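**Q** Residue numbers for the sequence shown follow UniProt numbering, so the first one is 1 and each next one is one higher.
In this text, a Cβ means the ideal position worked out from N, Cα and C, and glycines have one as well.
Since this is a predicted model, take the numbers as computed values, not measurements.
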Amino acid sequence: MQKIHQSTEYVITKVLANKGTIKGLTFNLKNLTENQRKMVYKLSDRVIFFKPILEEIIKKSSLLRGTGHKYKKQRNLLLIFIYEFLFGQLKKKRAGEVISEKKIKYVLGNKPISKLILVHSSQLHSALARIKIQKKVFRDEDLVEQKETTSNKEGLKFPKYFRVNPFKATVDEIVQKLVLEKWVDLGSSASNTSQQNTTLQTGQNLNKEKNEKEISKENSTEKSNSNQIVSKSMICNVPEVNTKTFYRDPMIPSLLVLPPTIDLHSHYLVKQFLMIAQNKASCFPPLILSGMDGELIDATSAPGNKTIQLAGLCPNQKVYAFEKDFKRGKLLKQRVKQSKATNVEIRVMDFLASNPKEFPKVSGILVDPSCSGSGVHGKKWEFTEERIMRLSAFQHKILCHALKFPNVKKVVYSTCSIRKEENEDVVAKTLEASHVKGVFKLKRALKNWKRRGIEPYQKCVRCSHDDLTIGFFVACFERIQQNLDQVKKRRRTNKKKEKIIKNKEQNKN
1 MQKIHQSTEY VITKVLANKG TIKGLTFNLK NLTENQRKMV YKLSDRVIFF KPILEEIIKK
61 SSLLRGTGHK YKKQRNLLLI FIYEFLFGQL KKKRAGEVIS EKKIKYVLGN KPISKLILVH
121 SSQLHSALAR IKIQKKVFRD EDLVEQKETT SNKEGLKFPK YFRVNPFKAT VDEIVQKLVL
181 EKWVDLGSSA SNTSQQNTTL QTGQNLNKEK NEKEISKENS TEKSNSNQIV SKSMICNVPE
241 VNTKTFYRDP MIPSLLVLPP TIDLHSHYLV KQFLMIAQNK ASCFPPLILS GMDGELIDAT
301 SAPGNKTIQL AGLCPNQKVY AFEKDFKRGK LLKQRVKQSK ATNVEIRVMD FLASNPKEFP
361 KVSGILVDPS CSGSGVHGKK WEFTEERIMR LSAFQHKILC HALKFPNVKK VVYSTCSIRK
421 EENEDVVAKT LEASHVKGVF KLKRALKNWK RRGIEPYQKC VRCSHDDLTI GFFVACFERI
481 QQNLDQVKKR RRTNKKKEKI IKNKEQNKN
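Right, here's the structure in full:
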């Protein structure tokens, strides 16, 4: 556990100094397996979540008085160990339980700071008990103020989303496997209950068999009915009644919605890439590109969820996946291989360094660049205005580059940010670029999604925590028809040139 704790300390230190996000920092950690990265991510997330309470416990327990004073410089490591002791692996599940010395040694090790925790164990438990009495709460999760939790303003927990990987299984096959494990499929059995029948009526016609090609066709035409927004009442009926329940998302047929308390990261369906954890909002960009002809590009691919989804929606088309970082590229290759997405070609290079003329067959591009991550559940990243503007400038630059590809018809831009500077402002600036103005226009994406971009950019999509997703933004740039005609003419000319060159080579031989 020493390696996990050291990595977690590094991540927490950087996050608290506003020098990155948990996801980004964890992803770039060296010499860790994927499972170890998941452990670091989860531990970092929980320690930051409980940080206000952990600080209060340190204060009430007098942990840093006397000889403990010298550990002030290791405060973040101290927070990790206190979390493990009171809320994590060493938490007592029942009164009077004795944690074995072997387990304590495994989790905390033999460091002096570990001994400090053990010496003050009774004070730590006492401080936690006093805080619970003071706050009038019983559960650990209720210790943290509501605004710090991953619940929305009405107290609803966010569900877990898992997308079925079409390269390995169909939705019906995964549903069958879950049902065999005593899971309840509300998507097909909800009609037995009148209350659930009302909330799930929008998904009834999605229980028929559909393959990925049919899904692709549906999404490309974007002819979804007006009731496709997931209602909050639907989520309310899922988690609390039965912890092993799920339903099929009425808007994205390959997406399964599970209770927020479920942890499936070690489940065989996830480990074997039959299901991929992916928030509903982040599924939107590939959906908008589905149905396109020609080749496709994911400009910023790692960790690869959108790439694999796009490849599954367009299984007969080549998808180029760009990733400039070597370590992230290595992990991307591993995940694509595990997913069996054989139509993906990975390019470990900066998308900005690519030559658009070398990709004449590319008709669609996904651009999901680095952003502030301000839309992620429960995260309160504080970025300086200077850093936000640097991000915005980079986002504009990479989006403009995507719009330089000679035969591209559609470019989808997305962020997991709620900041206008990274969303509508980037779109506005890009539309005024010399090679974009009069050539591309904004297309209304996901026509029946109710939450739209800030005026006058209602053609863009916004997702909010009120939609039970992460905060997300999507914009779709489409080549104007007149320019499409020019593209077709250029293609015909290029084909004629290729034919002439080929004939000349044959005549020489």
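1. Between 29, 433, 282, which has its C-alpha nearest residue 44's C-alpha?
2. Please tell me whether residue 86 has its Cβ less than 8 Å away from any Cβ of chain C.
3. Considering only the alpha carbon of each residue, which of 444, 449, 464, 467 lies closest to residue 456?
4. Can you tell me where the alpha helix (DSSP H) holding residue 37 begins and where it ends?
5. Sort out for me which residues DSSP pairs residue 463 with in a bridge.
6. Determine the DSSP secondary structure at residue 337, reduced to helix, strand or coil.
7. Can you tell me whether residue 498 is buried or exposed, with buried defined as 16 or more other CB within 10 angstroms of its CB?
8. Name the residue from 335, 342, 416, 314 whose alpha carbon lies nearest to the alpha carbon of residue 275.
9. If you draw a straight line from the alpha carbon of residue 441 to that of residue 471, how long is it in whole angstroms?
10. Are the beta-carbon atoms belonging to residue 346 and residue 332 less than 8 Å from one another?
11. Who are residue 412's beta bridge partners in DSSP?
12. Would you report the Cα separation of residue 164 and residue 64, rounded to the nearest angstrom?
13. Could you check what DSSP says for residue 384 in three-state terms: helix, strand or coil?
14. Which residue marks the beginning of the alpha helix (DSSP H) containing residue 84, and which one marks its end?
15. Given 8 Å as the limit, is there contact between the stretch 124–131 and the stretch 43–58, that is, 3 or more CB pairs closer than that?
16. Cutting at 6 Å between CB atoms, please list the residues of its own chain near residue 219, excluding the five before and the five after it.
17. Grab the span of the beta strand (DSSP E) containing residue 440 for me, first residue to last.
18. Would you be able to state if there are at least three C-beta pairs under 8 Å between the stretch 301–320 and the stretch 393–411?
19. Grouping DSSP H, G and I as helix and E and B as strand, with all else coil, what is residue 274?
20. Assign residue 171 to one of three DSSP states: helix, strand, or coil.
21. With H, G and I counted as helix, E and B as strand and the rest as coil, what does DSSP make of residue 426?
22. For residue 245, which beta-bridge partners are listed by DSSP?
23. For residue 123, which of 410, 61, 431, 406 has the nearest alpha-carbon?
24. Are the beta-carbon atoms belonging to residue 254 and residue 376 less than 8 Å from one another?
25. Whole-angstrom Cβ separation of residue 83 and residue 46, contact assumed at under 8 Å?
26. In three-state terms, what does DSSP make of residue 489?
27. Quick one: Cα of residue 521 to Cα of residue 460, how far?
28. Leaving out five residues on either side along the sequence, give the residues of the same chain with a beta carbon under 8 Å from the beta carbon of residue 24.
29. Rounding to the nearest angstrom, what Cα-Cα distance links residue 31 and residue 141 in this structure?
**A** Concretely, from the data shown:
1. Here residue 44 refers to the residue found at position 44 of the sequence shown. For residue 44, the nearest C-alpha among the options comes from 29.
2. In the displayed structure, chain C is absent; only one protein chain is listed.
3. Here residue 456 is taken as the residue at index 456 of the sequence shown, counted from 1. Residue 444 is the option with its Cα nearest to residue 456.
4. On the sequence shown, residue 37 is found 37 positions in, with the first residue counted as 1. Looking at the DSSP string, the run of the alpha helix (DSSP H) that includes residue 37 is 34–61.
5. For the purposes of this step, residue 463 is taken as residue 463 along the sequence shown, with counting starting at 1. Residue 463 is bridged to 472.
6. One-based indexing of the sequence shown puts residue 337 at position 337. Here residue 337 sits in helix by DSSP.
7. The sequence position of residue 498 within the sequence shown is 498, counting from 1. By the C-beta density criterion, residue 498 is exposed, having fewer than 16 other C-beta atoms within 10 angstroms.
8. Counting from one through the sequence shown, the residue named residue 275 turns up at place 275. Checked all of 335, 342, 416, 314; the closest Cα to residue 275 is 335.
9. In the sequence shown, residue 441 corresponds to position 441, counting from 1. In the sequence shown, residue 471 corresponds to position 471, counting from 1. Spanning the two alpha carbons is a distance of roughly 24 Å.
10. Here residue 346 refers to the residue found at position 346 of the sequence shown. Here residue 332 refers to the residue found at position 332 of the sequence shown. Yes.
11. Looking up residue 412 in the sequence shown gives position 412. Looking at the DSSP assignment, residue 412 forms a beta bridge with 366, 476.
12. Position 164 of the sequence shown, counted from the first residue, corresponds to residue 164. Position 64 of the sequence shown, counted from the first residue, corresponds to residue 64. In a straight line, the C-alpha of residue 164 is about 49 Å away from that of residue 64.
13. Here residue 384 corresponds to residue number 384 of the sequence shown, with the count starting at 1. Looking at residue 384 - three-state DSSP - the assignment turns out to be coil, as it is neither helix nor strand.
14. Along the sequence shown, read from residue 1 onward, the residue named residue 84 stands at position 84. Residues 75–86.
15. yes
16. Indexing the sequence shown from 1 puts residue 219 at position 219. Caution applies to residue 219, whose pLDDT of 42 falls short of 50 and renders its modelled position unreliable; the value that the coordinates give is listed next. The answer, listed in chain order, is 287, 290.
17. Counting from 1 along the sequence shown, the entry for residue 440 is found at position 440. For residue 440, the enclosing beta strand (DSSP E) covers residues 440–443.
18. no
19. Position 274 of the sequence shown holds residue 274. In the structure shown, residue 274 sits in coil (DSSP, three-state: anything other than H, G, I, E or B).
20. Along the sequence shown, read from residue 1 onward, the residue named residue 171 stands at position 171. In this structure, residue 171 counts as helix in the three-state DSSP scheme.
21. As a working note, residue 426 is residue 426 in the sequence shown. In the structure shown, residue 426 falls within a helical segment according to DSSP collapsed to helix, strand and coil.
22. Against the sequence shown, residue 245 aligns to sequence position 245. Looking at the DSSP assignment, residue 245 forms a beta bridge with 184.
23. Here residue 123 refers to the residue found at position 123 of the sequence shown. Looking at the Cα atoms, 61 is the closest of the given residues.
24. For the purposes of this step, residue 254 is identified with residue 254 of the sequence shown, where counting begins at 1. For the purposes of this step, residue 376 is identified with residue 376 of the sequence shown, where counting begins at 1. Their beta carbons are not under 8 Å apart, which means residue 254 does not touch residue 376 by this criterion.
25. On the sequence shown, position 83 is the one that residue 83 refers to. On the sequence shown, position 46 is the one that residue 46 refers to. Contact flag correct, Cβ pair sits at about 6 Å.
26. Here residue 489 corresponds to residue number 489 of the sequence shown, with the count starting at 1. The three-state reading of DSSP puts residue 489 in helix, counting H, G and I together.
27. In the structure displayed, the chain extends from 1 to 509; residue 521 sits before or after that span and is not available.
28. To locate residue 24, count along the sequence shown from 1; it is residue 24. Same-chain partners within the cutoff: 370, 373.
29. Locating residue 31 in the sequence shown gives position 31, where the first residue counts as 1. Locating residue 141 in the sequence shown gives position 141, where the first residue counts as 1. Their Cα atoms are separated by approximately 32 Å.
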